[in-house]
Amino acid sequence: MSWGTELWDQFDNLEKHTQWGIDILEKYIKFVKERTEIELSYAKQLRNLAKKYQPKKNSKEEEEYRYTACKAFLSTLNEMNDYAGQHEVISENMTSNITVELARYVQELKQERKSYFHDGRKAQQHIEICWKQLESSKRRFERDCKEADRAQQYFEKMDADINVTKADVEKARQQAQVRHQMAEDSKADYSSILQKFNHEQHEYYHTHIPNIFQKIQEMEERRIVRIGDSMKTYAEVDRQVIPIIGKCLDEIVKAAESIDQKNDSQLVIEAYKSGFEPPGDIEFEDYTQPMKRTVSDNSLSNSRGEGKPELKFGGKSKGKLWPFIKKNKPPPPPPASASPSAVPNGPQSPKQQKEPLSHRFNEFMTSKPKIHCFRSLKRGGATPEDFSNLPPEQRRKKLQQKVDELNKEIQKEMDQRDAITKMKDVYLKNPQMGDPASLDHKLTEVSQNIEKLRLESQKFEAWLAEVEGRLPARSEQARRQSGMFDAQNPATVNNCAQDRESPDGSYTEEQSQEGEVKVLATDFDDEFDEEEPLPAIGTCKALYTFEGQNEGTISVVEGETLYVIEEDKGDGWTRIRRNEDEEGYVPTSYVEVYLDKNAKGAKTYI
């Protein structure tokens, strides 16, 4: 069915209908646009949620992610980032494939519709003009006919009147002839205009209007097809990301299935194992003799005596209660030995009431070691430099971790020294590139830093060797693998660490009064501060392939484009980043740097 033949007289209604169709298309565009905004907002909220629960660097949370359950949770957070990325893809594809395309199509549709209805109105105006001409010629013909009839009647009246002169009669006859001729001319003109109007009207209703309405109909049908295609695209955009979203969910399930409760239990043992041996049996104390009582070194009683033989049962060795017992401090002056058996308190009255055994047992089971020496103040309290406030096994792990960190810092400084040395050699061979003497200060500073770090490493290695000498033998794989710097002159062990060990190697909490460690405000550490990733200050292109084998370097391939996060500070190395997890140093001569002058943190080092 054609609009041109069926709706030939519905010009105004078709104009309203096509405008309504454009309004529907614009409404759908608005709907898709709001959907894209929702997708972007949802993706942003998901990313913020994942970032909120990411472990902070250099914090206790980072240590907790050794456990498989925490690793699975971290994997879930990473997958949520990918999940959010797919919603961003949905928004981007809907914007480019639907919103932008339909907005462009709507503008074209409006122009096309405007041209068609302009042609329709032009045809209407033309037929209206023809109609007005026909009406005008018709009225003129009617008027001329009436005038001719009146003139003929007047002539006949004058001709019949005997009193009228012959001249007046002739004049009336001529006037009647003129009027009759004018009527004939008007009749011919009216007939001609009528034929022309009929022809124009036939063309208007059977040719012009049907053609225009047919084009409008085709335009409207294209609009309907276009909105249907957009709806299909709307569904297809969602369908395209379903496989990737499914992979994200599969990875979350895979991470959940990788949780190993036995492994987590073993990690708990490694994290909190103190290295102490369980306490031995408590010896029997005989109170039936009305004489002075003596108390064994391992007794829970506060009263101590001497000269009385002790009764022992089972022949078992004396137990160690060092990690629990809160010993009474001897009266001043303090003795030189920290052994509990070397501190006599003198005789006590047999009538003195003794505390119940259960009360003493609860006391030493609930007591916690006191911290008596400090190196630096941390957020949650004070931590000794040698970690002497920790049990032996935990102390060994902390010391080992500190030694490894120092070795990494030493290696980094050595790499920097080598780079400066190479650059100095280049300057010596090519003086026009720079002054070799300008690098002497930097080279001296790096060498001093290396020496300081070596002394610090030797100090911690000495403490580590002391702790390992008192722990049970462990396998070679469990022993530290530093191997880079051997301590030639072990530093003197801090008195605080000695005070916390009993003569037989067990743990104690006595504080030595022979030496005190001063707490200095300059000893505050920044190692627990949160480290935010450096922003990119530009990009770089690799001129040559570089194999980064040393600690802190990164491998690049010729022609690869990466982000610059730290410019060359004069040591011949530039810090770059490939992605969030891969960053390091490459020789400056291996890359071509393009700095963003507007980037935050962009600096030039001379």
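Residues in the sequence shown are numbered consecutively from 1, following the working numbering.
Glycine included, C-beta positions come from ideal geometry on N, C-alpha and C.
One or two residues paired with W573 in a DSSP bridge: P587
Where Y594 sits in the DSSP three-state scheme: strand
Environment of I611 [buried if 16+ CB atoms lie within 10 Å]: Residue 611 is absent from the model: the chain starts at 1 and stops at 606.
Own chain partners of I142 with C-beta closer than 7 Å, once the 5 adjacent residues on each side are dropped: The identity of residue 142 in the sequence shown is Glu, whereas the question assumes Ile. Excluding residues within five positions, none has a Cβ falling inside 7 Å.
Per DSSP, the bridge partner or partners of Y563: T539, R577
Supposed close pair T18, R113 - CB separation, criterion 8 Å: 5 Å
Per-residue burial, F31 [other beta carbons within 10 Å of its own, 16 or more giving buried]: exposed
Option nearest A176 by Cα separation, candidates K157, Q266, L194, V164: K157
Beta-carbon contacts of A497 that lie in its chain and below 6 Å, excluding the five residues immediately before and after: Only weak support exists for where A497 lies, its pLDDT of 36 falling under 50; the coordinates are left without a value.
Own chain residues within Cβ distance below 6 Å of A43, not counting five before or after: A84, H87, E88
CA-to-CA distance, K51 to N58, given in whole angstroms: 16 Å
For F155, three-class secondary structure by DSSP: helix
DSSP three-state assignment for F284, whether helix, strand or coil: coil
Backbone CA spacing between R417 and V446 [nearest angstrom]: 6 Å
8 Å Cβ shell around T5 - same chain, five flanking residues per side excluded: P210
C-beta atoms of E567 and L534 nearer than 8 Å: no
Environment of H208 [buried if 16+ CB atoms lie within 10 Å]: buried
Segments of 4+ residues assigned as alpha helix (DSSP H) that fall wholly inside the region 62 to 143: 68 to 94
CA-to-CA distance, D596 to K541, given in whole angstroms: 14 Å
Neighbourhood of L399 by C-beta, 7 Å cutoff - its chain only, sequence neighbours within 5 removed: F387, F460, W463, L464, V467
Residue span of the alpha helix (DSSP H) that contains G246, given as start and end: 209 to 257
D581 versus L25 - alpha carbon distance: 46 Å
Buried or exposed by the 16-neighbour rule on C-beta atoms within 10 Å, applied to P431: exposed
Validate contact between the region 128 to 140 and the region 182 to 198 using beta carbons, cut 8 Å, 3 pairs: yes
Integer Cβ distance of D264 from T68, believed to fall under 8 Å: 6 Å
Neighbourhood of Y53 by C-beta distance below 7 Å, restricted to the same chain and skipping five residues each side: L77
Per-residue DSSP class, three states only, for T18: helix
Same chain, Cβ closer than 7 Å to Y190, five either side skipped, listed in chain order: S137, K138, F141
DSSP three-state assignment for F546, whether helix, strand or coil: strand
Option nearest Q658 by Cα separation, candidates K424, K402, T421: No answer is possible for residue 658: the residues shown for the chain start at 1 and end at 606.
Neighbourhood of A255 by C-beta, 7 Å cutoff - its chain only, sequence neighbours within 5 removed: A72, S75, T76
Cβ pair L439, M414 closer than 8 Å: no
Simplified DSSP state of V164, which is helix, strand or coil: coil
Nearest-angstrom Cα separation, counted from I450 out to F374: Low confidence applies here, because F374 scores a pLDDT of 36, under 50, leaving its location unreliable and the question unanswered by this model.
Of the residues E551, I38, T539, V556, the one placed nearest T545, counting alpha carbons only: V556
Reduced DSSP category for V268 - H, G, I as helix; E, B as strand; rest coil: helix
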